[in-house]
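Student:
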Amino acid sequence: MGRKQVTFKVFRFDPEKDKRPYFKKYLVPVGGNVLTVLDGLYYIQQRLDGSLAFRSSCRAGVCGSCAMHINGKYRLACNTPISSLNSRKIVLRPLGHLEILRDLVVNLDPFWKKYELIKPYLMPGSPPPEKEWSQSPDDRARVDILIDCILCACCYSSCTVTLTDKNYLGPAALLQMNRFVQDSRDGEIKERLLIVNGDDGAWRCHTMFNCQVVCPKNLNPSGSIADLKRKLVTLNM
Ligand code: SF4
Numbered sequence: 002m003g004r005k006q007v008t009f010k011v012f013r014f015d016p017e018k019d020k021r022p023y024f025k026k027y028l029v030p031v032g033g034n035v036l037t038v039l040d041g042l043y044y045i046q047q048r049l050d051g052s053l054a055f056r057s058s059c060r061a062g063v064c065g066s067c068a069m070h071i072n073g074k075y076r077l078a079c080n081t082p083i084s085s086l087n088s089r090k091i092v093l094r095p096l097g098h099l100e101i102l103r104d105l106v107v108n109l110d111p112f113w114k115k116y117e118l119i120k121p122y123l124m125p126g127s128p129p130p131e132k133e134w135s136q137s138p139d140d141r142a143r144v145d146i147l148i149d150c151i152l153c154a155c156c157y158s159s160c161t162v163t164l165t166d167k168n169y170l171g172p173a174a175l176l177q178m179n180r181f182v183q184d185s186r187d188g189e190i191k192e193r194l195l196i197v198n199g200d201d202g203a204w205r206c207h208t209m210f211n212c213q214v215v216c217p218k219n220l221n222p223s224g225s226i227a228d229l230k231r232k233l234v235t236l237n238m
């Protein structure tokens, strides 16, 4: 018996050749080595159309490279089983609010620049100890889940504020900021909070929870932004 076939309707655009974007359909047999949306994309690229461009790396939901819009929601292609979509048609678009470099590949520079702005590294604010910075299990537990962010940008693309305000730091950068603010080893909380206290920081969030709905790691950037707002109102600036 032949395998079930699913239609992949894929966003295509090569700015050097195409006047405007279009969708191209491919019939993909599901089963065997083709189980996830990412498997389907590799099937297309390797057997049907070598010109299709997309990003991927770890194929295990860890690197965040294959984030895209899949049947109406931002997700990782590698950890989206085709069967979970319950559809014979899979519509794929690139991440939103970002320049399209080609097909499903976007320019993530604005996303990374905002990540850089939050200083994503520990700033202990005191000389290093003789051995190492230690942390109690309870203190570690406070940042445990926040460390799971893989910077896939699903939340960034789903956020309506990043669409309208190009300078807004966005949910991922603000969640990462909260990760360092909550870390008992960091000693520059005031400096950090000043970074997110401006018009383009935490106060710009409309708390719509789109970011939470799409996060493949089940994180809650809106909750992190609320944590930052609470810190801001109680901190003596
Ligand atoms: Fe991706 Fe979630 Fe991190 Fe946003 S918070 S970048 S959706 S892992």
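Residue numbers (the working numbering): 2 to 238.
By construction, the Cβ of each residue, glycine as well, lies at the ideal position given by its N, Cα and C atoms.
Since this is a predicted model, take the numbers as computed values, not measurements.
1) Which residue marks the beginning of the alpha helix (DSSP H) containing M178, and which one marks its end?
2) Cβ of K218 versus every heavy atom of the ligand SF4: is any distance shorter than 8 Å?
3) Put R103 into one of helix, strand or coil per three-state DSSP.
4) Provide the residue(s) that pair with S30 in DSSP beta bridges, ordered along the chain.
5) Going along the chain, which residues of its own chain have a beta-carbon closer than 7 Å to the beta-carbon of I160, five neighbours each way excluded?
6) Taking the CB atoms as reference points, tell me whether V38 and K26 lie closer together than 9 Å.
7) Provide the residue span of the beta strand (DSSP E) that contains Y122, from first to last.
8) Beta-carbon separation of Y122 and F181 under 9 Å?
9) Checking the sheet assignment: what are the DSSP bridge partners for V35?
10) The ligand SF4 and Y157: does the residue's C-beta get closer than 8 Å to at least one heavy atom of that ligand?
11) For a test of the three-state rule: what should DSSP assign to I91, helix, strand or coil?
12) Could you tell me if K232 is buried or exposed, where buried requires 16 or more neighbouring beta carbons within 10 angstroms of its beta carbon?
13) Where do the N-terminal and C-terminal ends of the alpha helix (DSSP H) with K232 fall, by residue?
Tutor: In short, the structure shows the following:
1) P172 to V182
2) yes
3) strand
4) A quick correction: the sequence has Pro, not Ser, at residue 30. Bridge partners of P30: Q6.
5) Here residue 160 is Cys; the residue named in the question, Ile, does not match the sequence. Around C160: G171, P172, N211 and C212.
6) no
7) Looking at the DSSP string, Y122 is not in any beta strand (DSSP E), and its letter there is neither H nor E.
8) yes
9) G32
10) yes
11) strand
12) buried
13) P222 to T235
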